[in-house]
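If you read the protein sequences in the order shown, they are chains A and B.
Mapping the first sequence onto our numbering, position 227 (from 1) lands on 475, and the numbers just tick up by one.
Mapping the second sequence onto our numbering, position 44 (from 1) lands on 47, and the numbers just tick up by one.
Below: one structure, written as C-alpha cells.
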Amino acid sequence: MKNIVVAGNGMVGYKFCEKLLARHNEGLTDGGQFSLTVFGEEPRPAYDRVHLSAYFSGTSADALAMAPASWYADNGIDLRTSQCITHIDREAKTVTTHTGQVVAYDTLVMATGSAPFVPPVPGVQKDGIFVYRTIEDLEAMLAWGKRATRAVVIGGGLLGLEAAKAALDMGLETHVVEFAPRLMPRQLDEAGGAMLRQKMEELGIRIHLSKNTAEFEGYDRVTGLRFADGSVLEADMVVVSAGIKPRDELARQSGLAVGSRGGILVNDLLQTSDPDIYAIGECALHNSMIYGLVAPGYDMADIVATQLLTSTSAKTFAGFDMSTKLKLIGVDVASFGDPFCEQIPHRTIVWEDRLAGVYKRLNITEDGKHLLGGILVGDAEAYNMLLQTSKNRMVLPPTPEDMLLPTRKGDTSSAGAGVMALPDDATVCSCEAITKGTICTAVTEKDATNILAIKKCTKAGTGCGGCVPMLNDLITETLKAQGKIVRKVLCEHFDLTRQELYDLVRINGQKTYAEVLAQYGKGCGCEVCKPAVASVLASVHNQLVARQAVIQDTNDKYLANIQRGGTYSVMPRIAGGEITADKLIVLGEVAKKYDLYCKITGGQRIDLFGARVDQLPYIWEELTDAGFESGHAYGKSLRTVKSCVGSTWCRYGVQDSVAFAIELENRYKGLRSPHKLKSGVSGCARECAEAQSKDFGIIATEKGWNLYVCGNGGVTPRHAQLLATDIDRETCIRYLDRFLMFYVKTAEPLQRTAPWLDKLEGGMAYLKSVVIDDVLGMNGQFEQEMQHVIDTYQCEWKSVVDDEELRSQYRHFVNAGDTDETLAFVSNGRGQKQPAQW
Amino acid sequence: MVTEFETPETLSWHIAAPVSAFPADGGACVKIGERQIAVFNFSHTNEWYACQNMCPHKMQMILSRGLTGDQNGEPKVACPYHKKTFSLCTGENLNGDDYRIETYPVRVEAGMVYIGL
Ligand SMILES: Cc1cc2nc3c(=O)[nH]c(=O)nc-3n(C[C@H](O)[C@H](O)[C@H](O)COP(=O)(O)OP(=O)(O)OC[C@H]3O[C@@H](n4cnc5c(N)ncnc54)[C@H](O)[C@@H]3O)c2cc1C
Ligand code: SF4
Ligand code: SF4
Ligand code: FES
C-alpha cells in the first residue's frame, strides 16, 4: 500500500484526486494499491475559484464546490480541511500540520497554489484593503462594501478587472489603477488596451494608467491612495490585485529547489528536486513559467496521477498554451497564441471600429498561410474558432481578413459550420483535454445532444466554461450532418418547438392551456411553457388573456407592470405620442386621486406608478370612461409606434409621420407576439423618431416610405435593416402584416425580431423573398390571420372593468378586505413618491 | 388531501377560505393572523400546497402571484420578480441558490381550505 499525501485542496489538488480515481477505475493498477490523504488549509473542500465572482451574484459556497465533502468520504479519501502543513520531514517522509497531526507519505504532491501578491506599500495593512482569492475574501468585501462608496482596484490585469466589475455590481463607484501604460499589458497591445479602456469607462469604471501607488492614506482605515507623482485618489475600499505569488514557503523551508522569483522547480515529470515530491498547479515552476490558469494545472494533475499508477509512464508536461478569454466583465476580451509576435516575422491584420468599440488583430505568417495569434476586444465571438485555427496550424482561407469582419449570422456560411473543419484531434476543451472527436462521438454514439449531456458524458465544458459556445456549435453541426433536425423544445413538459405547437393549436383549435397540456404535454407545466402557450393561444385566437390569468407571466396576469415593492404601473395607449390637452388633464386628475408617481416614458407615453392591485380596475374604469384604452405595456405585444412631428409642423418633413404612426399603432395594437414589438415612424431622413432602432421602423422619402425591420435597443442594440424602398402606404401595411405574422408564427419564445432574423436560414435575402415575392405562398394566409386579430381587438382593461368575476381577482387577500400593509413609500425628494428600498 | 405532519402536537389548523376562492391551477394569498400565506391549488393533480407569501430574494410579498408548475414531478412556484423557483414540498430553491421558504400543510374539508401553522 502506497501512501499518497496531497498538500493543498484547491482546484488542481482536487483534480489530482479525481484523475487518480478515474485512471485507477480505467484499469491503471500496476502502481499497486494506494491510500490518499489530502490536507487543505481553507475551511471548506475545494471550490471553483475561476467562478468565484458568481458568489457576489448569489451563487452559494456549496454550489461552487468542486465536489461535496461526502464525495471524498465515499471514495475513501481522507480529507482534512482547516489543516495547514507546516513541516515536511524528507528523511522520515512525514508531514506535520499546524495542529500537530503527523502523516507519513511515500509520495507527496504539492498543490499549494498561489497567494495574491501584495506590494509592500506603506499602509497596506489598513482596514478596508482586500485581496481577491478566497470565499472568505469575498465575504469580507461584501460586509465592508455595504458601508463603502468608492472602491479602487489596484491592478488592471485579468483578475483586477474582474474584481472591478464585482465592485461596480456592489453599487460602488469603481476605479482601476494600473502601473503599466495600458490595461492587461500582458495580453493586449496598445490599441487593444485603449479600446478596452474605452469599454470599461462606458460601463462606469474609471481607469488610471501609469500610476504607482506610494502610500495608503488613513488612520486605521483606508481613506485614499497617494501616488508617486503626488496625486491622490480618495477611496474607502481597496482591492489589491497586483499579480500572484506562488506558495512555495513550505517547499523552500524543506530544502526543495525553488526559482529565484518564486515557484517550486519541477522537471517534465513534474518532480521537484526530491523525486518523491511532486508539485502541480500554480505553485509549480516549469521551464521558468508559472501557469496562472486552471487548464495547465489540470493537465499537470493528470500527468502525475497517471505516473503514480503505472510503472512505465511516458506522459510528460510540455508547456501549455496561455490563450485567455476574459469572462464576466461585460466586455469581450481575448488574446490567443502569440498576441504580439515581437520575435517572429509576421504580417498583421487589424480591424477597428471605434463607434462599436471593437478592435481585432490577427498575426499571420508571412506567406499568409497560418495564424500565429491575435487579440480581440469588444467582440470575441470568433475566439474559439481562431484559437483552434492557430493551435492546429490550419491553413487559412485566401482572404483571412474575412475572419475579422462582424458576422451576420443570417448568412448560412456562419461560424457554426466552421467547427466541422477542425481536425478530430483538435483539443476543444483545454481544461479537460477533450478533443473534437470525443465530443462528436458522444453526440453520435451516446446520444448526448445537449450541453448538459455533453458535460456529463465527456466532462468537456466543466472547467472554465470558455468552450461551451463551441460545444454547442459542435452538437448542432454533428446532428445536422447526421440529418437530424435540431429542435429547440419548449421545456421538460413539451417535446415541441414553439412553431410546432403554434401550428398544432392553429389547426386543432385548442383554446385553453389545460387542453394543450393534455393533448401535447405532460406534468403540471411550469413558468416557461405556461406563458409560451398563453402567447400562442393569444396570437392564434386573440381571446382575452385575463380569462386564463393563471398561465400568464408576471405583468400579463394583472394587465399592468409590476414594480419594486409590489405595486403596479398603469400605462394607457397614446398612439403615436399624440394627445389632447383634455386627455392630459384626465391623466393628471387620475394620478392625483390615486397618488401615483408620473413619468414620461421612452416610447412617448405617460406611465403612472404605485397602484395597488385592488386599485387597478378603479383606475382603468376612470381612464376608459375618458376614452383611454390599455397600452399593452405589460404584454409581449405591440408597445408603441413612436413618431416625430413630420411634415405637418416640421420644416424638413416630407410625409405625415404622425398620422401614419397612429394608423399603424391602432392597426397592430393587441397583437400578441413571442416578444414585445416596438416601432417608429420618421418624417424625413433626419430620423428623429429613431425608427431604425425598432422591430419595424419607417422613414419617409420624397416618393413614399422606406421600411426597416428587425432592430432593437436594449442589451444588444441592433440597427434595423432595409426591407423595401419608396413604397406607398398600402404596400407598407401589406408587407408589415406579412412580416409580423411570419415572425409571430416562427420565432422562439421570448426571441425578439433581430435574433430571430439572425437564426433565419438565408437571413435578410430570404425574409425579402418571403414578404415581397411570396416564395412560401403563405402571404394570403398571413394577411387573413392578421385581419382576424384586427377584427377581434378589444380593450383588455375595459373587459375586466365590465366583468364582475374578472374584477374580483384584483385583491391582495382572498379571505380579507385588507390591503397589504407591507407596502411602503417614501418621498423621492422631488415632490413625488417612490417605493421604500427593497 | 391531508398532509401528514411530523409534529402534530405543535400544529393548529386555521381556516383559510372556501375552495372556490382559489383559481384552478393557480394561487392566492390569505391572511392568517398577521401572516401572509400563499396557497396553491394544483387541480391538475388534485393537490394543495401552502408557503410563505414573501419571496426571500428581495423580501417581496408576492409568491401567491407566481406561476406554478413542476420540475421532474416536484411541485414548484416561480417568483414573479426574478423567476427564482421554490419547491412547494421542501421549500428549497430549485435554481441552486441558498434561499429557502417555509411550507405549510393544507387540508381541504367540506369545501373549506385549512392551513396548519
Ligand atoms: C477571481 C479569480 C478568477 C480566475 N479566473 C480564471 C479564469 O477565468 N481562467 C483560468 O484559467 N484561471 C482563472 N483563475 C486562476 C485559477 O483559479 C487558478 O489557476 C487555480 O485555482 C489554481 O489552482 P491551484 O489548485 O493550483 O491553486 P489554489 O486554487 O490556490 O489552491 C491551493 C490551495 O492550497 C491551500 N494551501 C496552500 N498551502 C497549503 C499548506 N501548506 N497546507 C495545506 N493547504 C495549503 C490553499 O489554501 C488553497 O486552498 C482565477 C482566479 C481567481 C482568484
Ligand atoms: S425626422 Fe425629419 S420630419 Fe421628423 S422631426 Fe426630424 S427633421 Fe422633422
Ligand atoms: S433600463 Fe429598464 S430594466 Fe433597467 S432599470 Fe431601467 S427600466 Fe429597469
Ligand atoms: S424577489 Fe423573488 S425572485 Fe427576486
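Every residue gets a Cβ at the ideal spot worked out from N, C-alpha and C, and that includes glycine.
Task: W392/A - containing alpha helix (DSSP H), residue span - done: 383-393
Task: Contact under 7 Å by Cβ, S489/A with G403/A - done: yes
Task: Residues that K805/A contacts on chain B, provided the C-beta gap is smaller than 8 Å - done: R68, P83
Open item on the list: I'd like to check one pair, T994/A with Q747/A: are the Cβ atoms closer than 7 Å?
Closed with: yes
- [ ] Could you tell me the boundaries of the beta strand (DSSP E) in which N251/A lies?
- [x] 250-255
Open item on the list: Closest to R920/A by C-alpha separation, out of L620/A, V667/A, L988/A, would be which residue?
Closed with: L988/A
Task: Top-ranked residue by Cα proximity to T710/A, from M259/A, M633/A, L635/A - done: M259/A
Task: Whole-angstrom distance between C777/A and A1064/A, CA atom to CA atom - done: 32 Å
- [ ] Check K79/B in the structure and name its three-state DSSP category.
- [x] strand
Task: Beta-carbon neighbours of D1068/A, restricted to chain E and to distances below 7 Å - done: Protein chains A and B are contained in the structure displayed, whereas chain E is not.
TODO: Step through the CB atoms of chain A and report whether any lies within less than 7 Å of the CB of H17/B.
DONE: no
- [ ] Give the residues from the segment 294-322 of chain A that approach chain B closer than 9 Å (Cβ to any Cβ), ordered along the chain.
- [x] G306, T307, S308, A309, D310, A311
Open item on the list: Just checking: is the beta-carbon of G771/A within a distance shorter than 7 Å of some beta-carbon in chain B?
Closed with: yes
- [ ] For chain B, find out if any of its Cβ atoms is closer than 7 Å to the Cβ of W1004/A; answer yes or no.
- [x] no
Task: Sub-7 Å separation of A483/A and F475/A beta-carbons - done: no
Open item on the list: Between the alpha carbons of D843/A and W1045/A, how many angstroms are there, rounded?
Closed with: 20 Å
Task: Distance between H335/A and L473/A (C-alpha atoms, nearest Å) - done: 38 Å
Task: Simplified DSSP state of K841/A, which is helix, strand or coil - done: helix
Task: M314/A (DSSP reduced to helix, strand or coil) - done: coil
Open item on the list: With the cut-off set at 7 Å, would you say V838/A and E877/A are in Cβ contact?
Closed with: no
TODO: Kindly say whether I810/A, judged by its beta-carbon, lies nearer than 7 Å to any beta-carbon of chain B.
DONE: yes
- [ ] Express the C-alpha separation of E680/A and K563/A in angstroms, rounding to a whole number.
- [x] 16 Å
Open item on the list: Quick check: the Cα distance between P865/A and R795/A, rounded to an integer number of angstroms?
Closed with: 15 Å
- [ ] Count the CB pairs spanning the segment 910-918 of chain A and the segment 931-938 of chain A that are closer than 8 Å, and state whether there are at least three.
- [x] no
Open item on the list: For ligand 4, is there any heavy atom lying closer than 6 Å to the beta carbon of Q74/B?
Closed with: no
Open item on the list: For a test of your reading of the model: does the CB of H1036/A fall under 6 Å from any non-hydrogen atom of ligand 4? Yes or no.
Closed with: no
Open item on the list: Determine whether the beta carbon atoms of G824/A and A909/A lie at a separation below 7 Å.
Closed with: yes
Task: DSSP three-state assignment for N1076/A, whether helix, strand or coil - done: coil
Open item on the list: To the nearest angstrom, how far is the alpha carbon of R103/B from that of T71/B?
Closed with: 16 Å
Task: Proximity test, E978/A beta-carbon vs ligand 1 heavy atom, cut-off 6 Å - done: no
Open item on the list: I'd like to know whether the C-beta of E775/A is nearer than 7 Å to at least one C-beta of chain B.
Closed with: yes
Task: Alpha-carbon spacing of L504/A relative to T520/A, whole angstroms - done: 7 Å
- [ ] Consider the C-beta atom of Q63/B and the heavy atoms of ligand 4; say whether any pair is separated by less than 6 Å.
- [x] yes
Open item on the list: Strictly under 7 Å for the Cβ-Cβ distance: is A31/B near chain A by that measure?
Closed with: yes
Task: Residue from M1012/A, S930/A, T1001/A whose Cα sits closest to the Cα of L970/A - done: M1012/A
- [ ] Count the other C-beta atoms from every protein chain shown that fall within 10 angstroms of the C-beta of D1021/A, then say buried if there are 16 or more, exposed otherwise.
- [x] exposed
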